[in-house]
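In this note's numbering, the protein residues as written are 4 to 102. All C-beta atoms, glycine included, are put in the ideal place defined by N, C-alpha and C. As the structure is a prediction and not an experimental result, all values here were calculated from the model.
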């Protein structure tokens with residue numbers, strides 16, 4: 004999760020960095036988020052022995068950001084954030100819902 008903005012040295016760059024900082028705080032609430040390949044390996048080991056017919060697949064996204072409908076993405080992320088508990092216990096009491 005991160006905004007991709009090509010505008011180094013502009014206000015949009017500063018806004019992008021601010022948004023990135025706050026979005027990074029939400030990663031732990033995404034059930035499918037994996038920090039890195041080490042975490043993937045750990046998760047796979049925890050599955051135990053797979054059946055002999057099991058298959059593992061990998062995929063890579065091409066041109067993902069240019070194909071995302073920005074308005075739809077903002078709407079979906081906003082709805083998702085609205086459903087999160089913003090409490091002191093999970094460190095999100097100060098999360099900026101409205102900027």
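Rounded to whole angstroms, residue 80 and residue 50 show a C-alpha spacing of 30 Å.
Within the model, the alpha-carbon separation for residue 46 versus residue 57 is close to 16 Å. Per DSSP, the continuous alpha helix (DSSP H) segment holding residue 20 begins and ends at 14–27. Proximity to residue 84 across 14, 98, 71, 40 peaks at 98, based on C-alpha coordinates.
Linking residue 70 to residue 18 through their CA atoms gives a straight-line distance of about 22 Å.
Between the beta-carbon of residue 32 and that of residue 89 there is about 11 Å, and that puts the pair past the 8 Å contact cut. Our two residues, residue 43 and residue 37, have alpha carbons roughly 6 Å apart in a direct line. Beyond the five residues adjoining it in sequence on each side, residue 95 comes within less than 6 Å, by CB distance, of 89 in the same chain, given in chain order.
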